[in-house]
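Asks: Here it is, the structure, as structure tokens.
Numbering (the UniProt record's numbering), first residue to last: 1 to 372.
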């Protein structure tokens, strides 16, 4: 089972487990007992199958009752979002100062989370160039058992991280306008989107103390960043529409700096590099010789003499006689005997079948005079 097969009720059951991790206090024993009881009450499709031979689980003893394939699938795409997918969309906005200081601080809460599964993590290397690193002390210490459910439960316990995660995914994913309008009206916010991943994070964020209000704020920030990215691309020429220019990159310059190149100049340069005669590389267009009238779409003229008459080629086969007898190897078969008998029946014609001499017709004969 994977994320695509989850419905809304399954997502709500899972996010109830993947949250509210207590600190190193006496509440951990109560937390473990509570989580195990919830896992036992889950539907069979969300729990670990009874026969697990050949499929070792990487879950801890607390979460071993969950479906390992489902948990690993959720953790795979969440890890992908944290390790670079969101950064490719958020860092250009941060580097070009398109966000306010408060918005930037909210989105950068994703940076120190990687410390839970990366031993060589360093806050100095995870920060954007020219910005101060975010130090979280021991809040995101390394997870020793590397249980994906434990890591996700720690992520789900922090509203700030879920806020930045949901806003970044809304910015990165293709969201329909109707979904945003539903979120503004406050009716089933972000529930109509077809992305199961966004819906999962939405339920995750909704279970925090912020509720629907925090979901709306994160979604509004994500849509704002989406519009800022489009505006930035239109100004830089990387995603301009209905304009006669194309964005390209020249060697020797920074990859993040787009260079606007005219399409006509690019096309002329392309023609000059082709290995074609010089007549085709001039600015003027030279038309070739008129086509042969005997070929192509133009019809053949009526006074044209055909080079190969059709009759000598055998199109009119008047002298050919078709075979009327049966092959020798089939003359003694049952099919041939049946055909011969049918032919004999057809050859017999009753005299009444003759329309010219019908059977039973009256013939008038004149008596012959007898001679004495």
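All residues carry an ideal CB built from backbone N, CA and C; glycine is no exception.
1) Over the uninterrupted alpha helix (DSSP H) stretch that includes residue 209, give me the two end residues.
2) Going by the CB atoms, is the gap between residue 119 and residue 142 shorter than 8 Å?
3) Let me know if residue 193 comes out buried or exposed under the rule of 16 or more other beta-carbons within 10 Å of its beta-carbon.
4) Out of 29, 168, 195, point me to the one whose CA is closest to residue 406's CA.
5) Quick check on the burial criterion: 16 or more other C-beta atoms within 10 angstroms. Buried or exposed for residue 167?
6) Would you call residue 122 buried or exposed, if buried means 16 or more other Cβ atoms sit within 10 Å of its Cβ?
7) How would you call residue 48, buried or exposed, if buried means at least 16 neighbouring beta carbons within 10 angstroms?
8) Got a sec? Which residues, its chain only, sit under 7 Å from residue 44 by beta carbon, not counting five neighbours each side?
9) Quick one, are the C-beta atoms of residue 375 and residue 163 less than 8 Å apart?
10) What's the C-alpha gap between residue 70 and residue 7?
11) Taking the straight line between their C-alpha atoms, what separation do you get for residue 38 and residue 204?
12) Which two residues bound the contiguous alpha helix (DSSP H) that contains residue 81?
13) Excluding sequence positions up to five away, which residues of its chain have a Cβ less than 7 Å from the Cβ of residue 208?
14) On the DSSP bridge list, what partners appear for residue 47?
15) Taking C-beta to C-beta, are residue 19 and residue 153 nearer than 8 Å?
16) Using the three-state DSSP reduction, which class does residue 230 fall into: helix, strand or coil?
17) For residue 107, which residues from the same chain have a beta carbon less than 7 Å from its beta carbon, with the 5 sequence-adjacent residues on both sides left out?
18) By the three-class DSSP mapping on this structure, what secondary structure does residue 28 have?
19) Rounded to the nearest angstrom, what separates residue 12 and residue 231 at their Cα positions?
20) Quick check on residue 166 - is its C-beta less than 8 Å from some C-beta in chain E?
21) Taking a contact to mean a Cβ-Cβ separation below 8 Å, would you say residue 72 touches residue 148 in this structure?
22) Around the Cβ of residue 115, are there at least 16 other Cβ atoms within 10 angstroms (buried) or fewer (exposed)?
23) If we call anything under 8 Å between Cβ atoms a contact, is residue 40 one with residue 65?
24) Please name the residue in 206, 59, 42, 228 whose C-alpha comes closest to that of residue 156.
25) Output needed for residue 95: all residues of its chain with C-beta closer than 7 Å, excluding positions within five of it in sequence on either side, in chain order.
26) Are the CB atoms of residue 110 and residue 229 within a distance shorter than 8 Å?
Replies: Based on what the coordinates show:
1) Run containing residue 209: none; DSSP gives neither H nor E here.
2) yes
3) buried
4) Nothing about residue 406 can be reported from this structure: the residues present for the chain run from 1 to 372 only.
5) buried
6) exposed
7) buried
8) none
9) A query on residue 375 cannot be resolved here, the shown segment of the chain reaching from 1 to 372 and no further.
10) 13 Å
11) 17 Å
12) Careful: residue 81 lies outside any alpha helix (DSSP H) and carries neither H nor E.
13) 159, 162, 214
14) 66
15) yes
16) helix
17) 90, 164, 167, 168
18) helix
19) 36 Å
20) Going by chain labels, chain E is absent from the structure shown, which holds only one protein chain.
21) yes
22) buried
23) yes
24) 206
25) 128
26) no
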